[in-house]
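>
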Amino acid sequence: MTPFLAPFFDPRSIAVIGASRNPAKVGGSVLANLTSAGFGGRIVVVNARADSVQGLPAVASILAVDEPVDLAVIAVPAPDVLATLKECVAKGVGGAVVISAGFRETDEEGRARESELRAWLRDQPIRVLGPNCLGWIREAGIPCYTFPERAVTALAGMTLLAERRDHNAPPAPAGPPLGEAVRALAALRHAGVARLGLLDLQPLLAAYGIRVATGRLATTPESAATLAEEIGFPLALKLVSPGITHKSEVGGVRLGLSSPREVSEAMKTMLARVRAEHPQARVEGVLLQPMVKPGKELLLGALQDAQFGPMIVVGFGGIYVEVLNDTAARLAPVTPSEALAMLDELRMAPVLRGVRGEPPVDCAALADTIARFSRLAADVPDLLEVELNPLVVGPDGAIAVDARATLASGAAS
């Protein structure tokens, strides 16, 4: 604690100057509070007209006290406050609380009295709180509220926090895969990389048990054709360019490719269009992925909100996410049951359960994916924003087909 605050918050001895026999008066109530609350230090009673006050011995002046005094509580008439403070300085008192009224809050005479007091105090070693002030309170972990409404709001918030801490959110993963993924993110951050794609996020998503349509990078049409044969057909081909978020708008997505030649030609066409329409874009290559089974396309996103912390959002996604505007949000992390409640909030929730003869999706697997993703959002605050879009959901579960994220800037921590 700062030394000049110690007399106020941690005094070893307190002098009540102007202590009264009447507990209803200010000087009396301060003394009564100190004794009833069990103050562990020494209490000094100062009263010029009494030998004892409320059962405690009294002295006429603080200068008559032999032991040191850390804090003086002054409850004398306003005209006597300055003289009393001068005695406190002479005694070596570290701090004083002036409860006395009769200063600038009253009239011009009181204003002048306070100005004189303030001018004198500028060059004195004592710290003074007041005048007309009840002092500070050291709460000791006990919240104090002036009005009950704020207390009720705080209790409600504490209850909600306790419920969230006790809920069965998925535990954070551990082991080499997570360690390697986190180190990779730290290296990217240290290198100043701000925008991440699926290739960067694959290890982290996998460490959290989130299924991903694993992709491989090709930098030339020839290498793309070779990789295609290794992966197998049919394939999806996607542009990898940090500056282009919506790849489909620039022809940066090709689906259902079924031969090495088709893959090679698709990449040539894709790169030619991007270079023509976005000559300044940095193109790293193309991502080759095995095609996943058709399903419902959802968006799963997370952000680090400056006020509320990690939050997640789920909704119907794909290329129509902005048009549909059908989402539900929660603070992270969430349990699978909370994730199911989020899905029920969506206007298009019936589509997940199966309509017009379509089979329902595996909502339990989807809820588990949402919960795992929320755990990731809560555990890795360096990812300011993360988005899985689309997250393809069907009877066989959920799988992330594409992902992007924004990484916090600065040196790795």
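Take the sequence shown: its position 107, counting from 1, is numbered 107 in the working numbering, and each next residue is one higher.
C-beta: ideal position from N, C-alpha, C; glycine also.
Do M311 and A377 have their C-beta atoms closer together than 9 Å?
Yes, these two residues count as a Cβ contact at 9 Å.
> Is DSSP giving P260 helix, strand or coil here?
Looking at P260 - three-state DSSP - the assignment turns out to be helix.
> Does the beta-carbon distance from V73 to V65 come in below 9 Å?
No; because the gap between Cβ atoms is not below 9 Å, this pair is not in contact.
> Does DSSP put A281 in a helix, in a strand, or in coil?
Of the three classes helix, strand and coil, the one that applies to A281 here is coil, per DSSP.
> Could you give the C-beta distance for V46 and I17, rounded to a whole number, given that I count them as a contact under 8 Å?
The Cβ separation is near 4 Å, so the contact holds.
> Check whether the segment 110-129 touches the segment 75-95, counting contact only when three or more Cβ pairs, one atom from each stretch, lie closer than 8 Å.
These segments touch.
> Count the other CB atoms, across all protein chains shown, that sit within 10 Å of the CB of K238; report buried if there are 16 or more and exposed otherwise.
The residue in question, K238, is buried, as its Cβ has 16 or more Cβ neighbours within 10 Å.
> Give the secondary structure of V274 by DSSP, where H, G and I count as helix, E and B as strand, and everything else as coil.
Helix at V274.
> Measuring only between beta-carbons, confirm whether S13 sits less than 9 Å from chain B.
Reference to chain B is not applicable here, since this structure consists of a single protein chain.
> Below 7 Å CB to CB, which residues in the same chain sit around S413 once its five sequence neighbours on both sides are set aside?
For S413, the pLDDT reaches just 39, beneath the cut-off of 50, and the residue's location in the model is therefore unreliable, leaving the point undetermined.
> Nearest to K247 by alpha carbon, out of A228, A398, E230 and V286?
The shortest C-alpha separation from K247 is found at V286.
> Which stretch, first to last residue, makes up the alpha helix (DSSP H) that contains L227?
That run of the alpha helix (DSSP H) goes P221 to I231.
> I'd like the span of the beta strand (DSSP E) that includes D305, first residue to last.
Unbroken beta strand (DSSP E) run through D305: K296 to D305.
> When burial is assigned at 16 or more other CB atoms within 10 Å of the CB, is Q202 buried or exposed?
Burial call: buried.
> Apply the 10 Å Cβ neighbour rule to T369 and answer buried if 16 or more other Cβ atoms are within range, or exposed otherwise.
By the neighbour-count rule (16 or more Cβ atoms within 10 Å), T369 is buried.
> Counting Cβ pairs closer than 8 Å, one from the segment 351-369 and one from the segment 324-340, do we hit at least three?
A contact exists between the segment 351-369 and the segment 324-340.
> Quick check on the burial criterion: 16 or more other C-beta atoms within 10 angstroms. Buried or exposed for N389?
N389 should be labelled buried.
> From the DSSP output, read off the bridge partner residues of E387.
Bridge partners of E387: G301 and R404.
> Please look up how many angstroms separate the CB atoms of A302 and A332, rounded, as I've assumed it's under 8 Å.
That pair is a contact at about 6 Å.
> Measure the alpha-carbon distance for L257 versus A184 and round it to whole angstroms.
C-alpha separation (whole angstroms): 31 Å.
> Hey, quick one: how far does the beta strand (DSSP E) through P57 stretch, first residue to last?
Element bounds for P57: L56 to V59.
> Which residue's Cα is closest to the Cα of R330: V314, V323 and V321?
Of V314, V323 and V321, the residue nearest in Cα terms is V314.
> In the structure shown, what three-state DSSP assignment does R353 receive?
Reduced to three states, the DSSP call for R353 is helix.
> Using the Cα positions of R273 and A224, report the straight-line distance between them to the nearest angstrom.
In a straight line, the C-alpha of R273 is about 18 Å away from that of A224.
> Leaving out five residues on either side along the sequence, give the residues of the same chain with a beta carbon under 7 Å from the beta carbon of G252.
Excluding positions up to five away in sequence, the list reads K238, L239, I244, M270 and V274.
> Three-state secondary structure (DSSP) at A266?
Looking at A266 - three-state DSSP - the assignment turns out to be helix.
> So does the segment 392-406 actually touch the segment 204-219, counting three or more Cβ pairs closer than 8 Å?
Yes: at least three Cβ pairs fall under 8 Å.
> Closer than 6 Å by C-beta to R353: which residues in its own chain qualify, once you throw out the five before and the five after it? Chain order, please.
Within the same chain, R353 has close Cβ partners P360.
> Just checking, does the segment 379-396 make contact with the segment 281-301 on the three C-beta pairs under 8 Å criterion?
Touching, yes.
> Taking the beta strand (DSSP E) that T327 falls in, what are its first and last residues?
First-last of the beta strand (DSSP E) with T327: T327 to L331.
> Is it buried or exposed for R111, if we count other Cβ within 10 angstroms and need 16 for buried?
Exposed: under 16 other Cβ atoms inside 10 Å.
> Among K25, V26 and P11, which residue has its Cα nearest to the Cα of G41?
Selected option, being the one with the closest Cα: P11.
> Between V263 and A228, how many whole angstroms is the CB-CB distance? I'm expecting something under 8 Å.
Indeed, because the Cβ distance is near 4 Å, the residues count as touching under 8 Å.
> Could you tell me the distance, in whole angstroms, from the CA atom of R375 to the CA atom of G317?
Those two C-alpha atoms are separated by around 21 Å.
> Would you tell me roughly how many angstroms separate the C-alpha atoms of L384 and S409, rounded to the nearest one?
Rounded to the nearest angstrom, the two C-alpha atoms are 10 Å apart.
> Which of the three DSSP states is assigned to S241 in this structure?
Correct three-state label for S241: coil.
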